[in-house]
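Working notes, beginning with the structure itself.
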Amino acid sequence: MKPATSSGRSGFLEPDVRIAYREYGSSLLGFAMNEVGDRGLAEELVQEVFVRAGGRASGRTLDVRPCAPGCSPSPATS
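Using the numbering used here, the first residue of the sequence shown is number 15, and each one after it goes up by one.
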């Protein structure tokens, strides 16, 4: 599982969120897999957690509303 990013660029998350990802990402993935029973969905859920955390850590507001298949939500203007 790659670190979550809020812009699609590798390494975009704030340092504290990256540290949290390294520390808790695997545990959260295991928890999510137990809850939803699907690795792909579990990875998406864990990624969403860190994308949202990255947005909050940087003061950005992220548009995290669901969108049609194949689209990619983009950061909202704050």
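For every residue, glycine included, the Cβ atom is placed at its ideal position computed from N, Cα and C.
Helix, strand or coil for residue i? Go by DSSP, reduced to three states.
| i | result |
| --- | --- |
| aspartate 30 | helix |
| glycine 51 | coil |
| serine 24 | Note that serine 24 scores 47 on pLDDT, short of 50, meaning its location in the model is unreliable and no value can be drawn from it. |
For residue i, which residues in the same chain have their Cβ closer than 6 Å to its Cβ, ignoring the five residues on either side in sequence?
| i | result |
| --- | --- |
| alanine 67 | Val31 |
On the CB-based measure, 16 or more other CB atoms within 10 Å of its CB, does residue i come out buried or exposed?
| i | result |
| --- | --- |
| leucine 42 | buried |
| glycine 69 | buried |
| valine 65 | buried |
| glycine 54 | exposed |
| glycine 39 | buried |
For residue i, which residues of its own chain have a beta-carbon under 7 Å away from its beta-carbon, when the five flanking residues on both sides are left out?
| i | result |
| --- | --- |
| valine 63 | Leu42 |
| serine 24 | Here serine 24 scores only 47 on pLDDT, less than 50, and its place in the model is too uncertain to base an answer on. |
| alanine 56 | Leu43, Ala46, Met47, Val50 |
Residue i to residue j, Cα distance in whole Å?
| i | j | result |
| --- | --- | --- |
| glutamine 61 | arginine 36 | 12 Å |
| alanine 34 | leucine 59 | 15 Å |
| serine 92 | glycine 44 | Reliability fails at serine 92, whose pLDDT of 40 lies under 50, so the model's placement of it is uncertain and no value is given. |
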